[in-house]
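*Asks:* Structure in structure tokens, see below.
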Amino acid sequence: MSFQLPKFVPADLTQDFFVKAPDVRISEVKKDGVAPKGFLITSIFPEYFKVKGQWVLPTQTSIECTAVARDNNTVEIVEFRNLKIGDKVILGKSEDGSEGIYKYTSGFNNLPNVELGRSVESSFSKDYEELYELLEYEKENNGHIVWVLGPAVVFDYDTRAALSALAENGYVNALMAGNAMATHDLEGGLLGTALGQNIYTQESVIMGHYNHLDLINEARRAGSIEALLEEGNIKDGFMKTCIEKNIPVVLAGSIRDDGPLPSVYHNVSCGLDAMKKQTDKATVIICLATVLHSVATANLASSYRVVAEKVRPVYFYSVDIAEYAVNQVAVAREYIGVKTIVTNVQDFVVNLQRNLR
601 MSFQLPKFVP
611 ADLTQDFFVK
621 APDVRISEVK
631 KDGVAPKGFL
641 ITSIFPEYFK
651 VKGQWVLPTQ
661 TSIECTAVAR
671 DNNTVEIVEF
681 RNLKIGDKVI
691 LGKSEDGSEG
701 IYKYTSGFNN
711 LPNVELGRSV
721 ESSFSKDYEE
731 LYELLEYEKE
741 NNGHIVWVLG
751 PAVVFDYDTR
761 AALSALAENG
771 YVNALMAGNA
781 MATHDLEGGL
791 LGTALGQNIY
801 TQESVIMGHY
811 NHLDLINEAR
821 RAGSIEALLE
831 EGNIKDGFMK
841 TCIEKNIPVV
851 LAGSIRDDGP
861 LPSVYHNVSC
871 GLDAMKKQTD
881 KATVIICLAT
891 VLHSVATANL
901 ASSYRVVAEK
911 VRPVYFYSVD
921 IAEYAVNQVA
931 VAREYIGVKT
941 IVTNVQDFVV
951 NLQRNLR
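Residue numbers (this note's numbering): 601 to 957.
The following block contains the structure:
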């Protein structure tokens with residue numbers, strides 16, 4: 601294996617301005633979910649905080665959250681909605697060290713970053729090769745590979761088979777999606793269609809517009825997706841493989857969902873919290889054919905993780921046929937550690953599966 605993780609170069613905290621910098625200012629939360637005035641808004645970059653004379657780097661970060669000083673001299677990045685009475689929120693607007701806060705932008709200078717202006721005409725051969733090596737590295741080194749999928753990914757027979765093979769071979773550690781992706785994948789396993797079209801020929805079938813609603817109805821009758829699978833009528837599919845292999849599946853709903861399926865999160869905050877449990881573990885995130893869930897994940901996920909006292913990057917891939925979609929994700933990640941590939945997602949998945957061991 602030739603792949604090696606980029607080395608994180610920590611800030612030189614012996615410099616005079618670090619030594620002379622004051623401790624952070626702190627104010628306690630008085631009402632759940634409400635930050636005190638003057639709170640700091642976090643960024644995707646690593647940020648150091650001076651607490652009781654020591655510079656502290658949180659184990660990970662998230663965009664546009666609060667920083668909370670804990671009693672054990674650590675700092676945790678917390679979503680505003682999850683603040684609790686008594687939490688000690690760090691205050692400040694300057695991130696140059698003058699308020700005990702330092703945004704560190706050069707720790708991963710050797711990370712590959714997205715190139716602006718990428719289009720469907722761009723060559724992505726090098727990106728594929730890098731991704732093959734990265735995923736094999738993560739599989740062999742206990743990485744956590746999170747897939748974020750839109751429904752278009754499961755409208756094709758070969759793509760569903762390739763996703764299942766990737767899961768079987770250890771390249772899927774979590775799945776995050778919406779109601780539609782799960783519905784149409786299960787529809788394919790039950791009725792051989794996705795949104796009423798044959799998943800192999802793409803031909804519309806008679807009364808096919810009923811099929812996804814029939815599937816949802818069957819799942820709700822069974823009480824859960826797991827119970828529906830136990831009945832033995834779902835023949836194949838990515839959802840089936842994930843559940844049989846105990847791969848975590850997070851389905852976060854939207855306002856336009858049919859049904860929805862029994863396990864879909866109706867409450868947006870609960871859905872985001874469930875997604876964050878997976879992004880907090882993530883070492884690689886691959887987003888396919890969904891602007892909504894991709895941008896949400898881009899905002900939730902850290903740019904780095906501290907594992908066994910070592911700082912490592914979190915890789916983020918956005919793949920879509922539309923340049924607009926991948927560009928939105930790149931912007932949300934502030935172009936840090938994100939790669940965009942503009943291509944047909946079905947071809948992307950099949951190529952990936954065929955080139956991984």
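Glycine included, C-beta positions come from ideal geometry on N, C-alpha and C.
The structure presented is a predicted model; accordingly, all values stated were derived computationally and were not measured.
Measure the C-alpha to C-alpha separation of residue 902 and residue 791 and round it to an integer number of angstroms.
*Replies:* About 39 Å.
*Asks:* Between which residues of its own chain and residue 834 is the CB-CB distance below 8 Å, once the five residues before and five after are set aside?
*Replies:* Once the five neighbours on either side are set aside, the close Cβ partners of residue 834 are 786, 789, 790, 828 and 840.
*Asks:* What three-state label does DSSP hand residue 675 in the structure shown?
*Replies:* Here residue 675 sits in strand by DSSP.
*Asks:* Cα separation between residue 777 and residue 709?
*Replies:* Cα to Cα, residue 777 sits roughly 32 Å from residue 709.
*Asks:* Taking residue 916 as part of the alpha helix (DSSP H), name the residues at either end of that continuous run.
*Replies:* Note, residue 916: premise wrong, no alpha helix (DSSP H); beta strand (DSSP E) at 915-920.
*Asks:* Would DSSP call residue 611 helix, strand or coil?
*Replies:* Looking at residue 611 - three-state DSSP - the assignment turns out to be coil, as it is neither helix nor strand.
*Asks:* Does the structure place the stretch 616-624 close enough to the stretch 676-684 that three or more beta carbon pairs sit under 8 Å?
*Replies:* Output reads no: the stretch 616-624 does not touch the stretch 676-684.
*Asks:* Going by C-alpha distance, which of 638, 689, 650 and 649 is nearest residue 632?
*Replies:* For residue 632, the nearest C-alpha among the options comes from 689.
*Asks:* Is the Cβ-Cβ distance between residue 904 and residue 731 less than 8 Å?
*Replies:* Against a cut-off of 8 Å, the Cβ pair of residue 731 and residue 904 comes out as no contact.
*Asks:* How is residue 620 classed by DSSP in three states: helix, strand or coil?
*Replies:* Residue 620: helix per DSSP, three-state reduction.
*Asks:* Per DSSP, what kind of secondary structure is residue 696 in: helix, strand or coil?
*Replies:* Here residue 696 sits in strand by DSSP.
*Asks:* Is residue 936 helix, strand or coil by DSSP?
*Replies:* Three-state DSSP puts residue 936 in coil, outside helix and strand.
*Asks:* Which same chain residues, not among the five before or five after residue 683, have their C-beta less than 8 Å away from its C-beta?
*Replies:* Result list for residue 683: 629, 632, 633, 634, 635, 666, 668 and 689, in chain order.
*Asks:* Can you name the residues that DSSP bridges to residue 776?
*Replies:* Paired residues: 748 and 850.
*Asks:* With distance defined between alpha-carbon atoms, name the residue in 606, 639, 638 and 651 nearest to residue 619.
*Replies:* Among 606, 639, 638 and 651, the Cα nearest to that of residue 619 belongs to 651.
*Asks:* Taking just the CA atoms, how far does residue 740 sit from residue 747?
*Replies:* Distance between the alpha carbons of residue 747 and residue 740 is about 18 Å.
*Asks:* Drop a sphere of 10 angstroms on the beta-carbon of residue 720, count the other beta-carbons inside from all chains shown, and report buried for 16 or more, exposed for fewer.
*Replies:* By the neighbour-count rule (16 or more Cβ atoms within 10 Å), residue 720 is not buried but exposed.
*Asks:* For residue 875 and residue 811, I'd like the C-alpha separation in whole angstroms.
*Replies:* Going by the C-alpha atoms only, they are around 28 Å apart.
*Asks:* Between the alpha carbons of residue 782 and residue 613, how many angstroms are there, rounded?
*Replies:* For residue 782 and residue 613, the distance between alpha carbons rounds to 48 Å.
*Asks:* Which whole-angstrom value describes the C-beta separation of residue 932 and residue 884, a residue pair presumed to lie in contact below a C-beta threshold of 8 Å?
*Replies:* About 17 Å; that fails the 8 Å criterion.
*Asks:* Under the DSSP definition of a beta bridge, which residues are partnered with residue 799?
*Replies:* According to DSSP, residue 799 bridges with nothing at all.
*Asks:* Give the secondary structure of residue 879 by DSSP, where H, G and I count as helix, E and B as strand, and everything else as coil.
*Replies:* Residue 879: helix per DSSP, three-state reduction.
*Asks:* On the criterion of 16 or more Cβ atoms from any shown chain inside 10 Å, does residue 768 qualify as buried, or is it exposed?
*Replies:* Classification for residue 768: exposed.
*Asks:* Assuming residue 949 and residue 762 form a contact by the criterion Cβ under 8 Å, report the distance between their Cβ atoms to the nearest whole angstrom.
*Replies:* That pair is a contact at about 5 Å.
*Asks:* Helix, strand or coil for residue 825, going by three-state DSSP, please let me know.
*Replies:* DSSP places residue 825 in helix when its eight states are reduced to three.
*Asks:* Grab the span of the beta strand (DSSP E) containing residue 654 for me, first residue to last.
*Replies:* Residues 654-656.
*Asks:* With burial defined as no fewer than 16 other Cβ atoms inside 10 Å of the residue's Cβ, what is the status of residue 842: buried or exposed?
*Replies:* Under this definition residue 842 is a buried residue.
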